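Just so we're on the same page, the working numbering is the position in the sequence shown counted from 1, plus 9. Below you'll find the structure, written out as structure tokens, and then a few comments.
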Amino acid sequence: MAKALVAGGVRVLEVTLRTECALEAIRAIAKEVPDAIVGAGTVTNVEQLKAVTEAGAQFAISPGLTESLLKAATEDGTIPLIPGISTVSELMLGMQYGLKEFKFFPAEANGGVKALQAIAGPFGHIRFWPDRRYLSGQLP
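See the structure below:
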């Protein structure tokens, strides 16, 4: 499937850690589909961050933001961490660690596009990764 996606122009692929074969899928994509930018989703702790890095992930997405994940991602610097945030305070904490990319999550439960626009307003230099439910053209 990864080869077909890349052939069709979709190069950035996220493999969520919701199945037992996720790490093996990341390994296989990283090895067999060199034009893919493969990342790991649903990374919830430092051990998972280390495991996806070793498997070949080029980025990690977390549903939330914790100090331990922030420290591990920024001290090691091996792969970018895109943490999920739903408040300005969480956004600013991530910014203190040098992060410039975040995922507004869970988007719909936290007010959707209007809430994200309000949060993003003062932070024009920050990039938000879209939730799968929203088209990127709707997001700041």
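C-beta: ideal position from N, C-alpha, C; glycine also. All values reported here derive from a predicted model rather than from experimental measurement.
By DSSP's assignment, threonine 25 forms a beta bridge with Gly50. Uninterrupted beta strand (DSSP E) stretches at least 3 residues long and entirely within the segment 60-103 occur at 69-71, 90-94, given in chain order. Rounded to the nearest whole angstrom, the CA to CA distance from arginine 20 to valine 97 is 30 Å. The Cβ atoms of leucine 26 and glutamine 57 sit closer than 8 Å to each other.
Per DSSP, arginine 36 is one residue of the alpha helix (DSSP H) stretching across 31-41. Counting along the chain, lysine 12 sits inside the alpha helix (DSSP H) bounded by residues 11-16. DSSP, reduced to helix, strand and coil, places lysine 109 outside both helices and strands of the structure shown, so it counts as coil.
The segment 78-93 and the segment 121-129 do not touch, with fewer than 3 CB-CB distances between them shorter than 8 Å.
Close CB contacts of aspartate 44 within its chain, under the 7 Å cut and outside five residues either way in sequence, are with Val15, Arg20 (chain order). The C-beta separation of valine 24 from alanine 49 comes to about 6 Å, placing the pair in contact by the 8 Å criterion. Contact between threonine 53 and serine 71 is confirmed by a C-beta separation of about 6 Å, below the 8 Å threshold.
In this structure, lysine 112 sits near phenylalanine 137, with a CB-CB distance shorter than 8 Å. Per DSSP, the continuous alpha helix (DSSP H) segment holding glycine 121 begins and ends at 121-129.
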